[in-house]
Every structure is written in structure tokens, then in C-alpha cells.
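Below is one structure, written out as C-alpha cells; comments come after it.
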Amino acid sequence: MVSLRTCIGCRQKFPQLELLKITRLKNQTIKIIFPLVKEMGESGRSVYLCPKTGCFDKCFKRKGKDGVEYGLKVKVDDKTRNSILEKIDKTEN
Ligand SMILES: [Zn+2]
361 MVSLRTCIGC RQKFPQLELL KITRLKNQTI KIIFPLVKEM GESGRSVYLC PKTGCFDKCF
421 KRKGKDGVEY GLKVKVDDKT RNSILEKIDK TEN
């Protein structure tokens, strides 16, 4: 069975393994997992994102309830954003 997750950018559902996973760990640091090698349970708060710059831009521009930081309940710093973008760039090229 394929688990579907909603992309926080375009709000569409995709198989979990196709998405980039952003997880907030217990110590409040953010871990980016991509590619996902197997379906994992939810360890801490996680959001999912298509590995596309379009979805990345959308989800970080969105403020309030639907934004990434609301979903994770933690601030996403520039360094973390850049490492997400790097992973997306590699996938798109
Ligand atoms: Zn998307």
C-alpha cells in the first residue's frame, strides 16, 4: 500500500516516497530527508513537499496556518531553506 502525503506547496497528494520530508526533531532542529528510501512513521512533526522550486516558493511565501513554519511549529532559518533548495535543484537538473 502506498501512503499518500499532501505537499505543503501545491496541496496535492503524492506517494510519500516521491516527496521531500521536513521533520522537526525533538531537539528543535530540522532534518531534511530526501530521497526517502522507505516509508517511515512520523517521528516528530513533519511536512512534505514536492521536490520542485515552484512548491518550495509557494510554501515559504504562504503565511499563517498553511505555511511551513506553522506546520513544523518552529522557525526555518535561511541555512535550512538553502539546503532544501539544494536538494530540489539536484532533482530538477
Ligand atoms: Zn507540490
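Numbering (the numbering used here), first residue to last: 361 to 453. Cβ coordinates follow ideal geometry from the N, Cα and C atoms, glycine included.
Check                                                                                        : Outcome
Under 8 Å between C-beta atoms of Leu445 and Ile382                                          : no
Nearest to Lys398 (by Cα), restricted to the options Ser443, Gly404, Arg405 and Leu380       : Leu380
4 or more residues per run - each alpha helix (DSSP H) lying fully within the region 377-431 : 413-421
Through-space distance from Lys435 to Cys415, alpha-carbon basis                             : 18 Å
Lys412 CB to nearest heavy atom of ligand 1 below 7 Å                                        : yes
Gln372: CB within 7 Å of a non-hydrogen atom of ligand 1                                     : yes
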